[in-house]
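Numbered per mature numbering (1 follows the signal peptide of the UniProt record, and there is no 0), the sequence shown spans residues -25 to -1, 1 to 269. Read the structure below first, then the notes.
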Amino acid sequence: MKKFWQIIACSGLVLTSCLGGMAQAQDGKSDVEYYYQGEKINLDKAVSISQNYDVVFFDEYHDQKSIHEAELSFLQEMYKQNKDMILSMEMFERDVQPVMDKYLNDEITETEFINNSRPWENYQTDYKPLVEFAKEKDMYVLASNIPRRIANQYTKVGDLALIEDKDKIYLPKKHLVEYERYYDKFKNYMSMGDGQGHMMMTPERIEAFYKAQCLKDDTMAESIVEFLKEHKDTKVLHVQGSFHGDEHLGVVEKVNKLNPSLETVVITPIEAKDYEKMKHNYSEDTIIMTFVRK
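Encoded structure:
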């Protein structure tokens, strides 16, 4: 079970950007199918259903190519059905919003954008198509996440008061660390180790990582809610790792707490072989997307 070690190593001290990628990378493409309230639906119908919601969370496994392809198709169809929308991304952080804006407005080159926006390693293959489609359609892209250096520092010091002053402008106004279902899920996963006695985490380390996870969730949720305060009729498609939204926890739960009037739906990836046994685990405000590894 080497994937536990890979998740820890993936982003230095903070693993939260990698928790969504718990499935190991596979060669070849896989198909996706959509289900809503037990009924199999096509992409057009899935997007049509999503139009009934203010925020659409598209959860992903970061290393699954077929899911990235599905994200692009969903974005394209969503724009086709309603042009009053934006793309929000976990993969870009609040402090690079000016860089994103300049790139979308053709004020800087792609090279300048790449050099100054700290894109993820798989940007070119998996996220560039989303950004380029948004750019082509004059669609706003929200860099919603907390800068990773802040999350890293928070993991070390455990107190937001000790974050460097220059970075405090990027902190969310509300930071909630709650010890309920989300914590139990996080703790259970982080307690697994790799099955060989390596990287078993102490309760203190799990606590530190969990607080950083919540900080990311709070920041992304606030970014979305604050945007919608100024653009009430705009739809938001938010792309994030699956752990940030599975079972309507994480960012989804935080959005609902910040503004209970917002309607949210989650597109949840499930392996096709697990659909029958897992389909009852999700609320009616979930579009299940099955994928098959080949």
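Every residue gets a Cβ at the ideal spot worked out from N, C-alpha and C, and that includes glycine. On a predicted model such as this, the values are computed, not experimentally measured, just so you know.
Taking C-beta to C-beta, are residue i and residue j nearer than 8 Å?
| i | j | result |
| --- | --- | --- |
| F32 | V227 | yes |
| E238 | N27 | yes |
| I262 | I245 | no |
| A126 | A45 | no |
| residue 271 | V211 | The question about residue 271 has no answer, for the chain in this structure spans -25 to 269. |
| I83 | T194 | no |
| K110 | L79 | yes |
| D76 | T209 | no |
| H219 | L190 | no |
Between residue i and the rest of its own chain, which residues show a CB-CB distance below 8 Å, the 5 nearest in sequence each way excluded?
| i | result |
| --- | --- |
| V132 | I138 |
| R156 | E222, L224 |
| K42 | For the sequence presented, residue 42 should be read as Ile rather than Lys. Excluding positions up to five away in sequence, the list reads V7, E35, Y36, P244, M264, F266. |
Residues in its own chain within less than 6 Å of residue i by CB, not counting five upstream and five downstream?
| i | result |
| --- | --- |
| W95 | M66 |
| D142 | I125 |
| V152 | K186, C189 |
Return the Cβ separation of residue i and residue j in integer angstroms, given the expectation that the two are a contact with Cβ distance under 8 Å.
| i | j | result |
| --- | --- | --- |
| L47 | F108 | 7 Å |
| F184 | T130 | 6 Å |
| R93 | S198 | Their Cβ separation, rounded to whole angstroms, is 16 Å, which puts R93 and S198 out of contact at 8 Å. |
| E35 | S217 | 6 Å |
Report buried or exposed for residue i, applying the criterion of at least 16 other Cβ atoms within 10 angstroms of its Cβ.
| i | result |
| --- | --- |
| G225 | buried |
| P147 | buried |
| A136 | exposed |
| M64 | buried |
| S236 | exposed |
| I144 | exposed |
| Y10 | buried |
| D19 | exposed |
| Y154 | exposed |
| G13 | exposed |
| K252 | exposed |
| T265 | buried |
| H206 | exposed |
| Q99 | exposed |
In three-state terms, what does DSSP make of residue i?
| i | result |
| --- | --- |
| P73 | helix |
| K55 | helix |
| K15 | strand |
| P244 | strand |
| D34 | strand |
| Q99 | helix |
| L212 | strand |
Among the residues of its own chain, which have a CB less than 7 Å from the CB of residue i, if the five just before and after it don't count?
| i | result |
| --- | --- |
| V22 | F49, E52, M53, Q56 |
| V230 | V30, A196, I199, V200, L237, T239 |
| S258 | H223 |
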